[in-house]
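Engineer: Numbering (the numbering used here), first residue to last: -10 to 397. Virtual Cβ for every residue (Gly too), placed ideally from N, Cα, C. Below is the structure I would like to discuss, written out as structure tokens.
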């Protein structure tokens, strides 16, 4: 009887202990007590040799009562901005972030930061401190998309976009839309950029966001909406973790061809038999094969690109028969345009001494012994590598019509 009573007492004690531990969360943080960071940017304060951080924070009350102002930007019923931008400085990126704490009445929560903006000044000095902070911190996410800002970072983080709730949403949508539809802007997660940074024989490319001048920003269209305050175009080229130059739109498109990353591009050709009349071919995908040819210290690269497209519009004054020699001529012209893009990208990369195509990486993966012999001199070798470009372009469809419209 005594044993049964003691067993019951022990059971009640365990049950009471469990109830106490289930009463709540020891590190509970209520959502209404937190401020969600949508985008983060880093710059250099060269005068004081400090890092400068900008955080774009969501303003939920303004977002909840949102409307569209006369300028086309999102506004709450009370006229409040749907986001708030705050900045601070520090000796390290993390210290700069922590120095934001006294400036906010709520705890900053960083896990929703989907965009990482890096100033050109900081990119040229080196982005390794930023990467280190993102990899170590528990809240910062490696799925943020990195971009390099040409122009004033503060203006970029304050920018408002027509038809978008918050500036960070406008930036993120712009980055993904341009990359998907035109292939003139490389987009990737920060984790992909870091993987490239640590992989032998390949250098990073990060998309460029250009802050437009005040004159262009304030000019309104007939619709009454302001023109976008930024342009998504081109890319920053890196050597290790330091930026060494820019690629223009054509060179970025060539990089996409050589990397097999084309997801959409409109190429302008001239109409056979009606020279001077343009024709648009839309390409939605491509495959690439890179074959390193190594013989001693002589290195050549053989690149084969396969793609197909469809005719989207023809500005020729007369009907164009999409068959026979006409199609063959268009295929040759399409292949040449693609080849020209790749040659432009290779020429710029070699001038910047940056193997952004992973030619060295292909040797590392397929001819490891050769790579160990060439690795220390690869930067010099890359600048003089001859690249054989083979393009197989096909045109399978002429849009959604079999015959073009005609006037009587």
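According to DSSP, simplified to helix, strand and coil, what is residue 318?
Structural biologist: helix
Engineer: Under the DSSP definition of a beta bridge, which residues are partnered with residue 284?
Structural biologist: 287
Engineer: Looking at chain C, is there any beta carbon in it that lies within less than 8 Å of the beta carbon of residue 139?
Structural biologist: In the structure shown, chain C does not exist; there is a single protein chain.
Engineer: For my contact list, residue 30 and residue 142 are in at a C-beta cut-off of 8 Å; report their separation, rounded to the angstrom.
Structural biologist: 5 Å
Engineer: Roughly how many whole angstroms lie between the Cα atoms of residue 322 and residue 336?
Structural biologist: Our two residues, residue 322 and residue 336, have alpha carbons roughly 21 Å apart in a direct line.
Engineer: Let me know the secondary structure DSSP gives residue 153 once reduced to three states.
Structural biologist: coil
Engineer: Go ahead and pull the three-state DSSP assignment for residue 23.
Structural biologist: strand
Engineer: Pull up the distance between the alpha-carbon of residue 383 and that of residue 182, whole angstroms please.
Structural biologist: 32 Å
Engineer: Who are residue 73's beta bridge partners in DSSP?
Structural biologist: 46.
Engineer: Locate the alpha helix (DSSP H) running through residue 114, then write down its first and last residues.
Structural biologist: 109 to 114
Engineer: Can we say the region 70 to 82 touches the region 32 to 43, given the rule of at least three CB pairs closer than 8 Å?
Structural biologist: yes
Engineer: Decide if the region 364 to 374 is in contact with the region 260 to 269; the criterion is three or more beta carbon pairs, one per stretch, under 8 Å apart.
Structural biologist: no
Engineer: With residue 217 as the anchor, note down where its beta strand (DSSP E) starts and where it stops.
Structural biologist: Taken as a continuous stretch (DSSP letters only), residue 217 belongs to no beta strand (DSSP E), as it is neither H nor E.
Engineer: If you check the beta carbons only, do residue 247 and residue 346 fall under 8 Å apart?
Structural biologist: yes
Engineer: What is the C-beta distance between residue 241 and residue 223, in whole angstroms, given that I count them as a contact (C-beta under 8 Å)?
Structural biologist: 6 Å
Engineer: Looking only at its own chain, which residues have a Cβ that is under 6 Å from the Cβ of residue 68, when we skip the five neighbours before and after it?
Structural biologist: Confidence at residue 68 is low in this model, with a pLDDT of 49, below 50, so its placement is unreliable and no value can be given for it.
Engineer: Terminal residues of the continuous alpha helix (DSSP H) containing residue 360?
Structural biologist: 357 to 363
Engineer: Would you report the Cα separation of residue 94 and residue 88, rounded to the nearest angstrom?
Structural biologist: 13 Å
Engineer: Starting from residue 103, trace the beta strand (DSSP E) in both directions and tell me its first and last residue.
Structural biologist: Residue 103 -> no beta strand (DSSP E), and no H or E assigned at all.
Engineer: Assuming residue 27 and residue 157 are in contact, meaning their beta carbons sit under 8 Å apart, how far apart are those beta carbons, in whole angstroms?
Structural biologist: 4 Å
Engineer: Can you list, in chain order, the stretches of the beta strand (DSSP E) that have 3 or more residues and sit fully within the region 132 to 196?
Structural biologist: 134 to 139
Engineer: What residue from 102, 47 and 131 has the CA that sits closest to residue 73's CA?
Structural biologist: 47
Engineer: Helix, strand or coil, according to DSSP, for residue 126 in the structure here?
Structural biologist: coil
Engineer: So, residue 343 versus residue 188, is the Cβ gap smaller than 8 Å?
Structural biologist: no
Engineer: Here's a check: name, in chain order, each residue in its chain whose Cβ is nearer than 6 Å to the Cβ of residue 25, leaving out the five neighbours to either side.
Structural biologist: Within the same chain, residue 25 has close Cβ partners 47, 98 and 101.
Engineer: Excluding five sequence neighbours on each side, which residues of the same chain lie with their C-beta closer than 6 Å to the C-beta of residue 115?
Structural biologist: 230 and 231
Engineer: So if DSSP puts residue 381 in a beta bridge, which residue, or which two residues, is it bridged to?
Structural biologist: 295
Engineer: Taking 8 Å as the limit between beta carbons, can you name the residues of its chain near residue 118, skipping five residues before and five after?
Structural biologist: 40, 81 and 82
Engineer: Is it buried or exposed for residue 243, if we count other Cβ within 10 angstroms and need 16 for buried?
Structural biologist: buried
Engineer: Please report the Cβ distance between residue 170 and residue 253, rounded to the nearest whole angstrom; I am assuming they are in contact, meaning their Cβ atoms lie under 8 Å.
Structural biologist: Confirmed, Cβ separation roughly 5 Å.
Engineer: Under 6 Å Cβ to Cβ from residue 341, same chain only, skipping five residues before and after it: list those, please.
Structural biologist: 226, 233 and 234
Engineer: Could you pull out every residue in the same chain whose Cβ sits closer than 6 Å to the Cβ of residue 237, ignoring the five residues on either side in sequence?
Structural biologist: 223
Engineer: With a threshold of 16 other CB atoms inside 10 Å of the CB of residue 0, please say whether the residue is buried or exposed.
Structural biologist: Residue environment for residue 0: exposed (fewer than 16 other C-beta atoms within 10 angstroms of its C-beta).
Engineer: Classify residue 273 as helix, strand or coil using the three-state DSSP reduction.
Structural biologist: Strand at residue 273.
Engineer: On the three-state DSSP scale, how would you describe residue 349?
Structural biologist: helix
Engineer: Taking residue 402 as part of the beta strand (DSSP E), name the residues at either end of that continuous run.
Structural biologist: Not covered by the structure: residue 402. The range shown for the chain is -10 to 397.
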